[in-house]
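Single-structure report; data block below.
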Amino acid sequence: MEKCFAIGENCLTLQWASSATTLTDSTNLNQPRDLYVDQNNVVYVLDSGYGRVRRIWPNSTVERTFINAVTGPVFNQSSYILGIQGDTNGNLYILDVNLGRVVKWSTTNMNGTVVVGGYGKGYGANQLNAPCGMFLDPNTMFIWIADTYNHRIVRWESPTTGIIVGGSNGSNADQFNYPFGLFVDTKDANTLYVADTYNHRIQQWLSGAKNGTTVAGQTGVAGSSLSVLYYPISVIGDGNKNLYILCFSTSSIVKWQVGATVGSLIVGTLTAGSSSNQLYSPYNFKFGPDYSIYVPDFKNNRTQKFSALCSNATSTTIITTRLTTASSTIRTIVSSSTTRLSSSTSIPSSSATTTSAQIPSAAADHNLQWLLMIVPSIIAVMNNYLI
1 MEKCFAIGEN CLTLQWASSA TTLTDSTNLN QPRDLYVDQN NVVYVLDSGY GRVRRIWPNS
61 TVERTFINAV TGPVFNQSSY ILGIQGDTNG NLYILDVNLG RVVKWSTTNM NGTVVVGGYG
121 KGYGANQLNA PCGMFLDPNT MFIWIADTYN HRIVRWESPT TGIIVGGSNG SNADQFNYPF
181 GLFVDTKDAN TLYVADTYNH RIQQWLSGAK NGTTVAGQTG VAGSSLSVLY YPISVIGDGN
241 KNLYILCFST SSIVKWQVGA TVGSLIVGTL TAGSSSNQLY SPYNFKFGPD YSIYVPDFKN
301 NRTQKFSALC SNATSTTIIT TRLTTASSTI RTIVSSSTTR LSSSTSIPSS SATTTSAQIP
361 SAAADHNLQW LLMIVPSIIA VMNNYLI
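Be aware that the sequence shown starts at 1, since it is given in the UniProt record's numbering, and climbs by one per residue.
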């Protein structure tokens, strides 16, 4: 399950290799939309193009088919699956965009149960319209849904009906424009963060609020500068008010502190591609138990793992740098206090633009000069660590 996390006092700096390891490729995948990583580092990949789930063991063994839901409306069938979560009991929750429902699958006996929706496409409290995002609350097991084509967020506390948290179509503070992703900070009174995709922003909704606040990006402004977002499609938060945002049109993940005016690049190159340091139109990402970043690389038909490394280096300030070793480039930020996830790198020059470009529809598929504060003692510590 997505949840708030802390690196701990023994890991003040978290780094990610800029190049990924490919866990599985196009020989096993077709249009992977999402994945889930359990506490044993077992990866469940949503092989959406084939309507099935692939299981990847820590030794990289790939099961050809773990769940294979043939096309159809009953509980053990699907139409187009694009979201997956899991719980500590070994159950998987799979979101079906076309059938507007979530099915809970037991991984022990392979039985499926509808736990959200299934009442037809519509705007009613018990209906969904092309939902594209899902968050499973680890405490209550409530399921929060980005009801994308209804431009709203709905919380399902039972299988029969949802509670409309907020939203309608538009760009005002109380509106969304095709929201694709969401994250709930269950350690901060269920503060909600929404990837308001077509408004190019992340909205923060406090519990019980009637409208949201833009905490990342600028409404209606998109581009590959780190001061804006470009179709943000998935978001995950940590306990230090940092957001990790995947942007569909830059095929990259940025870290953005809540309320900041600029983010930092941690995965990708701000352009789509097929190299090991690039992604091509991904829809989702997840953190593993060791804080490695896993990405279902949609158009490259592969699953990528950007490994996390931990350092005990400390400083009285934040230092942004790029360290190059003989083996790989590491992106890092060093902080004076215990951090929970952080990183940065240099990027090419780019300018923000207002855009009308669109990502594919849910059902059919679908630069800021860097201030480099170099402190030799910190660099020495980091280089010693990396050698």
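Yeah, the Cβ is synthetic: ideal placement off N, Cα and C, and Gly gets one too.
Can you grab the Cα-Cα spacing for the pair residue i / residue j, in whole Å?
{"i": "Met110", "j": "Asp185", "result": "31 Å"}
{"i": "Pro131", "j": "Ser307", "result": "30 Å"}
{"i": "Leu206", "j": "Pro159", "result": "25 Å"}
{"i": "Leu99", "j": "Thr13", "result": "43 Å"}
{"i": "Gln278", "j": "Ser26", "result": "16 Å"}
{"i": "Trp256", "j": "Ile94", "result": "28 Å"}
{"i": "Glu63", "j": "Asn301", "result": "16 Å"}
{"i": "Leu23", "j": "Ile56", "result": "8 Å"}
{"i": "Val221", "j": "Gly212", "result": "18 Å"}
{"i": "Ser234", "j": "Thr197", "result": "9 Å"}
{"i": "Ser249", "j": "Asn139", "result": "34 Å"}
{"i": "Val254", "j": "Cys247", "result": "8 Å"}
{"i": "Leu243", "j": "Val258", "result": "7 Å"}
{"i": "Ala125", "j": "Ile163", "result": "7 Å"}
{"i": "Leu182", "j": "Asn59", "result": "31 Å"}
{"i": "Lys241", "j": "Ala260", "result": "10 Å"}
{"i": "Gln175", "j": "Gln204", "result": "12 Å"}
{"i": "Asn284", "j": "Val115", "result": "22 Å"}
{"i": "Asp365", "j": "His200", "result": "Residue placement at Asp365 is poorly supported in this model, since its pLDDT is 44, which falls under 50; the coordinates still yield a value, given next. Cα to Cα, Asp365 sits roughly 19 Å from His200."}
{"i": "Leu128", "j": "Ile81", "result": "14 Å"}
{"i": "Ser227", "j": "Asn172", "result": "20 Å"}
{"i": "Asn169", "j": "Cys310", "result": "42 Å"}
{"i": "Lys187", "j": "Thr21", "result": "32 Å"}
{"i": "Phe180", "j": "Val97", "result": "11 Å"}
{"i": "Gly83", "j": "Val194", "result": "16 Å"}
{"i": "Asp38", "j": "Ser276", "result": "24 Å"}
{"i": "Trp16", "j": "Ser292", "result": "7 Å"}
{"i": "Ser274", "j": "Tyr280", "result": "7 Å"}
{"i": "Leu35", "j": "Ser18", "result": "20 Å"}
{"i": "Gly251", "j": "Tyr230", "result": "Looking at the sequence shown, residue 251 is not Gly but Ser. Cα to Cα, Ser251 sits roughly 9 Å from Tyr230."}
{"i": "Met134", "j": "Thr65", "result": "23 Å"}
{"i": "Thr161", "j": "Arg52", "result": "27 Å"}
Which residue from the options puts its Cα closest to that of residue i?
{"i": "Val165", "options": "Tyr178, Leu192, Gln218", "result": "Leu192"}
{"i": "Phe287", "options": "Ile245, Gly162, Leu82, Ala173", "result": "Ile245"}
{"i": "Gln31", "options": "Cys310, Pro282, Asn240, Ile293", "result": "Pro282"}
{"i": "Ala189", "options": "Gly239, Gly167, Asp147, Ser224", "result": "Gly239"}
{"i": "Val42", "options": "Gly49, Arg54, Tyr230", "result": "Arg54"}
{"i": "Thr88", "options": "Gly51, Trp105, Tyr119", "result": "Trp105"}
{"i": "Tyr149", "options": "Gly167, Ile163, Asp137, Tyr178", "result": "Tyr178"}
{"i": "Gly117", "options": "Trp144, Thr107, Thr108, Ser264", "result": "Trp144"}
{"i": "Pro289", "options": "Asp297, Met141, Lys305", "result": "Lys305"}
{"i": "Glu157", "options": "Gly120, Tyr44, Leu136", "result": "Leu136"}
{"i": "Phe298", "options": "Ser292, Met141, Ser225, Tyr50", "result": "Tyr50"}
{"i": "Gly112", "options": "Arg152, Asn91, Arg33", "result": "Asn91"}
Check residue i in the structure and name its three-state DSSP category.
{"i": "Ser264", "result": "strand"}
{"i": "Gly112", "result": "strand"}
{"i": "Thr148", "result": "helix"}
{"i": "Tyr36", "result": "strand"}
{"i": "Ile162", "result": "Note that residue 162 is Gly in the sequence shown, not Ile. It is a strand residue."}
{"i": "Ala17", "result": "strand"}
{"i": "Gly49", "result": "helix"}
{"i": "Tyr80", "result": "coil"}
{"i": "Ser225", "result": "coil"}
{"i": "Phe142", "result": "coil"}
{"i": "residue 409", "result": "Nothing about residue 409 can be read from this structure; the chain reaches only from 1 to 387."}
{"i": "Leu95", "result": "strand"}
{"i": "Lys121", "result": "strand"}
contact_flag[the stretch 209-221, the stretch 265-281] where n(CB pairs < 8 Å) is 3 or more: Under the three-pair Cβ rule at 8 Å, the stretch 209-221 does not count as touching the stretch 265-281.
Beta strand (DSSP E) segments (min. 3 residues) lying fully within the stretch 248-312: DSSP runs (the beta strand (DSSP E)) wholly in the stretch 248-312: 252-257, 264-267, 293-297, 302-306, 308-311.
Within the UniProt repeat "NHL" (167-208), ranges of the beta strand (DSSP E) (whole runs, at least 3 residues): Counting only unbroken stretches of 3 or more residues, the beta strand (DSSP E) elements lying wholly within the UniProt repeat "NHL" (167-208) are 181-185, 191-196, 201-205, in sequence order.
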